[in-house]
Amino acid sequence: LIAYAQGYFRYPRGADLQTIASRQKMGRTTFLEHLKKAENKLITALIPHIQLFRQLPEERRRTKGFARDAG
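And the structure:
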């Protein structure tokens, strides 16, 4: 959340790794390690949902109300 809040994922980036790490009082490589672990957890959690979505018929995926129906 820290990297997101400071604009790391924006284009162009709102802050670089060194700046964010310094604000957190940790080394750049340590912060990067934490960031990569968090990204991995997020992607791992999202993949099953993406795979399920891809299995839906094409017309269902294009339905405007899909997000509302899925919740």
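In terms of our numbering, the sequence shown opens at residue 111 and continues consecutively. Yeah, the Cβ is synthetic: ideal placement off N, Cα and C, and Gly gets one too. As the structure is a computational prediction, the values presented were derived from the model and not from experiment.
Residue i in three-state terms, based on DSSP
i, result
"Y118", "coil"
"A246", "This structure cannot settle anything about residue 246, because the visible part of the chain is limited to 111 through 181."
"Q134", "coil"
"P158", "helix"
"L142", "helix"
Whole-number beta carbon distance between residue j and residue i, since they are thought to touch under 8 Å
i, j, result
"L182", "L127", "Here the chain covers residues 111 to 181 and nothing more, so residue 182 does not appear."
"Q116", "A125", "4 Å"
Rounded separation between residue i and residue j - CA only
i, j, result
"A155", "L166", "19 Å"
"L111", "I157", "20 Å"
"F119", "H144", "15 Å"
Close Cβ partners of residue i (< 8 Å) along its chain, the five nearest in sequence each way excluded
i, result
"K146", "none"
Same chain only: Cβ atoms within 7 Å of residue i, ignoring 5 sequence neighbours per side
i, result
"G137", "A131"
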